[in-house]
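Taking it in order: structure first as structure tokens, then the write-up.
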Amino acid sequence: MLANRKLILAHFWLAFGVFGIALTLGAWQMFIRSPIGTWLSNPELYYRSLTAHGTVMGYVFPTLVAMGFGYAISESALEQRLVGVRWAWTGFWLIVAGSITAVIPIALGRASVLYTFYPPLIGNVFYYLGVVLVVVGSWIWVALMAINLRVWRKAHPGAPVPLAMFANVAGSYLWAWTAVGAALELLLQIIPVAAGLKATIDAGLARVFFSWTLHAIVYFWLMPTYIAYYTIVPRAIGGRVYSDSMARISFILFLVVAMPIGMHHTFADPMVGAGFKFIHSAFTALVALPTLLTVFTICASVEIAARLRGGRGMFGWMKALPWDNPMMLALAFSFVMLGFGGAGGLINMSYQLDASIHNTQWITGHFHLIFGGAIVIMYFAIAYDLWPHLTGRELIDIRLIRTQLWLWFIGMIITTFPWHWVGILGMPRRMAYFDFGDPAIAPQALSVAFSAIGGFILLASGIMFIVVLARGMRAPQTDAGPYRFAVAVHQATTVPVALNTHALWVALMIALTLTNYGYPILNLALGGGTSVPAVYVGAQ
Amino acid sequence: MSTRDLFTFRNSHFRIGVGITAAILIVTAITGFIVLPFAQPWVQFANVWDAICSAAGVPQRAANVTAPEQTKRLSEVVLTSYTLSRPSQEAIGRGATLAQRCAICHGPTGISRADSPNLAGQYAAVIYKELHDFRSGARTNAVMSPFAVNLTDQEIADLSNYYAYLPRLPAYHPTPQLPKPNIVIYGAPIRGIAPCGACHGSLDNKTGSPWLEGQSEAYMKAQLQAFASGERRNDISQQMRNIARAMTPQEIEQAAAYYASQPPDVVKAVD
Ligand code: HEM
Ligand SMILES: [Cu+2]
């Protein structure tokens, strides 16, 4: 059993609680703007909901999952007492305080600016301060992860850092650095305007800062999922990690190339030079590499499990896999969604093709498939796997768990495939209603109706997930034993310094940020004359 | 395992990691800043440096194209959310004195008995902008223009503050309140028309847009038609012309009739 159960459970429960609320809002949004719903007479309500949905799903929920999982990893992979428990609680309460601070102005309609902030739109200052508190709380976690690893290294000089912790710390460093972009945007640009100290804002510069955060944050969301692929799935299905070094290289690559590529979000923006867009686009192509490595390594690890269970043949081994094991199901679903989502991503990353889907519903379809689908389904799997170690009770509803995972998968496909399709047809994103009675878009009505139905399937699945966890708090007690991670085929006894530490890769990450962002930022920040008057929302 | 062993070219991981990263950066930079700019036959660069600057997004001096000749004056008013946001009592008092000249048409309490706009409680920024536009000629009206041409900046600000300060009263031409037509609640998304209230106060207010409740039906209809025909053109960036042009004549009538029938108390204040 883990020692800091309360701490980890607090993170998970808060994460899944806010997730449940945001999920309900998501289903409502999809419904209300579909031909099944009736139009809202006040579109502001849509944007209010959308701001809450995006802020929770983008910032609060994944951060809490990464933090809770990170504490569990630190304690169990390092087999050492968590250092800084009091600080960890401080971080948690900062996130609670930040979430409340942010959600009040959203609920009052004073901050319907969407989670990407969208300057020159400016909302109530407390919304932004709340987001800053959430980020500061998570930075405490980053520091604790680094400190815990350092303490462990002192006690185990030269020993290979367990893979789960190596990856976890890599993820935390990535987050620490990528959050700086949005932090600069908030602290230097938006908050002074929202607080009434300034009345103009450079929206172009703000977008560049935000793009600094926006891509790598995606990989921060992804980190727990990838850690689960490598260090939980093989153990849970009775296999081994095919290659420990390959895993480390994947995480290292994420650290280096997830950062200097964010300007693929500004392809359509005039304030960034085409040369920089090209560099970012080229580096974006590289970020497929660690994912391809991962897919390869995990497939090989799964094959090992199948062969250990007596599977044979070129593909026949797949039948030998434990398909009734929720972890196996989650992995398979996750990979299918990752595959489709990844294929869509290739379109987004290329300068020319992006133009046809920029700001359309394709984008929202895409990231729901990858993030809400491939990533979040593994968050479920992580929770299921950890739960007995946190509660000391067994999860008995295995059938319910399987149904839940199936529904999430099916719901996500039904929601996102038509969502992509209407995007290709040109339906814009972030709109409160569509006039499906108009012949110009009438053919899209059916697709959107399907998405709305898919949304309710997802909502049902989300409710089941919470029910399973809640019932797990009252199930019969068991001793789950120590929490273990998968071992590799060749468990490393020595690892080269570069693959056992992060310094070199963090240095490269920062260096590439400077080369790829330095000039565009300085150009806008020092150029002057590019600010526009702020537009205050809901400031009545 | 010190950083000294890590950050050295003797370490093969360092060599490879830094080497590959630098190589990719250099290759992509050369491609993005030199090769691709010159690959565009329709753009001419004086030299390599010129191409690099262009690809880097260095602000370029605008080429020597002359802006198309403006035949009609456009609005030159700059509004922010802070325009006239904190009026003093004296300013309001001066405005009250000046406003006596306006009362013939706009009414002694800012409520018009003719088909002129009611000004009592209108947003200050709106009156400020319209007076400036009448003065500059961006908006013209046979009756109103002569009043505006001689106003000073100070007088315009004072008048705006005074009228914004007056309480909003019911209009003189009460009709039964009409139900909201679709064009007002939803706009027409497919034609790019937002709901009127998204700017005009009942849902949200965008600086410079007036609230419309209780205004004269004939006046509003005439203005929408003037926007649609391009006769009135002092809306910044054609915000209102784009909408009016996309409205059908019935929608114009419905919207004007609906707003005229509304009491002004549903309008949100600005701070
Ligand atoms: C019941 C399931 C869900 C439904 C039906 C749903 C629906 C929606 C809708 C309709 C939008 C707005 C699209 C637009 O107007 O452009 C949206 C945005 C978003 N959703 Fe979801 N969502 C769901 C689950 C999730 C999940 C699980 C996540 C991630 C964990 C997520 C993350 C986001 C984010 C980050 C945005 C962007 C907000 C923005 O554009 O400002 N959603 N969602
Ligand atoms: Cu991205």
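Respectively, the protein sequence lines represent chains V and Y. Residues in the first sequence are numbered from 96 upward in steps of one, following the numbering used here. Residues in the second sequence are numbered from 29 upward in steps of one, following the numbering used here. Cβ coordinates follow ideal geometry from the N, Cα and C atoms, glycine included.
Might you give, ordered along the chain, the residues of its own chain that have their beta carbon closer than 8 Å to the beta carbon of residue i, omitting 5 neighbours on each side?
{"i": "Y/G60", "result": "A83"}
{"i": "Y/N75", "result": "none"}
{"i": "V/M568", "result": "T486, R488"}
Between which residues of its own chain and residue i is the CB-CB distance below 7 Å, once the five residues before and five after are set aside?
{"i": "V/A147", "result": "A117, L120, V198, I201"}
{"i": "V/G460", "result": "T511, W514, H515, G518"}
{"i": "V/S556", "result": "Q499, L502, W503, G506"}
{"i": "V/K414", "result": "G406"}
{"i": "V/Y337", "result": "T392, A395, S396, I399, V584"}
{"i": "V/L520", "result": "Q539"}
{"i": "V/A425", "result": "I472, M473, F475, A476, L500"}
{"i": "V/W182", "result": "I235, L239"}
Measuring only between beta-carbons, confirm whether residue i sits less than 7 Å from chain V.
{"i": "Y/M29", "result": "Because Y/M29 carries a pLDDT of 49, less than 50, the predicted location of this residue cannot be relied on, and the following value inherits that uncertainty. Judged by the 7 Å Cβ criterion, Y/M29 is in contact with chain V."}
{"i": "Y/I213", "result": "yes"}
{"i": "Y/I218", "result": "yes"}
{"i": "Y/D181", "result": "no"}
{"i": "Y/T108", "result": "yes"}
{"i": "Y/G85", "result": "yes"}
{"i": "Y/D143", "result": "no"}
{"i": "Y/H300", "result": "The first residue shown for chain Y is 29 and the last is 299, placing residue 300 of chain Y beyond what the model contains."}
{"i": "Y/F61", "result": "yes"}
{"i": "Y/L197", "result": "no"}
{"i": "Y/H160", "result": "no"}
{"i": "Y/L231", "result": "yes"}
Give the secondary structure of residue i by DSSP, where H, G and I count as helix, E and B as strand, and everything else as coil.
{"i": "V/I296", "result": "strand"}
{"i": "Y/H41", "result": "helix"}
{"i": "Y/Q282", "result": "helix"}
{"i": "V/R569", "result": "coil"}
{"i": "Y/R163", "result": "helix"}
{"i": "Y/V298", "result": "Any reading at Y/V298 needs caution, since the residue's pLDDT is 47, under 50, leaving its predicted position unreliable; the model's value is listed next. Coil, per DSSP."}
{"i": "V/Q635", "result": "In this predicted model, V/Q635 has a pLDDT of only 48, less than 50, meaning its place in the structure is not dependable enough to derive any value."}
{"i": "V/V630", "result": "strand"}
{"i": "V/A323", "result": "helix"}
{"i": "V/P138", "result": "helix"}
{"i": "V/A587", "result": "coil"}
Leaving aside the five residues before and after residue i along the sequence, list all residues of the same chain whose C-beta is less than 6 Å from its C-beta, in chain order.
{"i": "V/I393", "result": "Y324"}
{"i": "Y/F255", "result": "M268, R269, A272"}
{"i": "Y/L240", "result": "H228, Y287"}
{"i": "Y/D161", "result": "S103, R167, N262"}
{"i": "V/P215", "result": "I296, A298, V627, A629, V630"}
{"i": "Y/G123", "result": "D186, L187, N189, Y190"}
Determine whether the Cβ of residue i lies closer than 7 Å to any Cβ atom of chain Y.
{"i": "V/A206", "result": "no"}
{"i": "V/I552", "result": "no"}
{"i": "V/V155", "result": "no"}
{"i": "V/D419", "result": "no"}
{"i": "V/W272", "result": "no"}
{"i": "V/G368", "result": "yes"}
{"i": "V/V303", "result": "no"}
{"i": "V/W134", "result": "yes"}
{"i": "V/P538", "result": "no"}
{"i": "V/I127", "result": "no"}
{"i": "V/F346", "result": "no"}
{"i": "V/I374", "result": "yes"}
Would you give the residue range spanned by the alpha helix (DSSP H) that residue i belongs to?
{"i": "V/F371", "result": "369 to 381"}
{"i": "V/H515", "result": "493 to 519"}
{"i": "Y/R101", "result": "Here Y/R101 belongs to no alpha helix (DSSP H), and DSSP marks it neither H nor E."}
{"i": "V/V113", "result": "100 to 127"}
{"i": "V/K249", "result": "220 to 250"}
{"i": "V/A192", "result": "180 to 202"}
{"i": "V/W412", "result": "Counting along the chain, V/W412 falls outside any alpha helix (DSSP H), and DSSP gives it neither H nor E."}
{"i": "V/A363", "result": "No alpha helix (DSSP H) holds V/A363; DSSP gives it neither H nor E."}
_Runs of 4 residues minimum, wholly inside the stretch 416 to 492 of chain V: which ones carry the alpha helix (DSSP H) assignment?_
Along the stretch 416 to 492 of chain V, the alpha helix (DSSP H) occurs as fully enclosed runs of 4 or more residues at 421 to 444, 446 to 452, 456 to 462, 471 to 486, listed in sequence order.
*Run through the stretch 196 to 253 of chain Y for me and flag every whole alpha helix (DSSP H) of 4 or more residues, listed as ranges in chain order.*
Within the stretch 196 to 253 of chain Y, the complete alpha helix (DSSP H) segments at least 4 residues long are 210 to 213, 225 to 228, listed from N- to C-terminus.
*Segments assigned alpha helix (DSSP H), at least 4 residues, entirely inside the stretch 258 to 289 of chain V*: The qualifying runs are 258 to 279, 286 to 289.
*Residues within the stretch 31 to 53 of chain Y neighbouring chain C, beta-carbon criterion of under 8 Å*: The structure shown contains no chain C; the protein chains it does contain are V and Y.
*Any chance you could list the alpha helix (DSSP H) runs of at least 4 consecutive residues sitting entirely within the stretch 104 to 179 of chain Y, in chain order?*
Every alpha helix (DSSP H) of 4 residues or more that sits fully in the stretch 104 to 179 of chain Y is shown, in chain order, as 117 to 126, 131 to 134, 152 to 164, 172 to 177.
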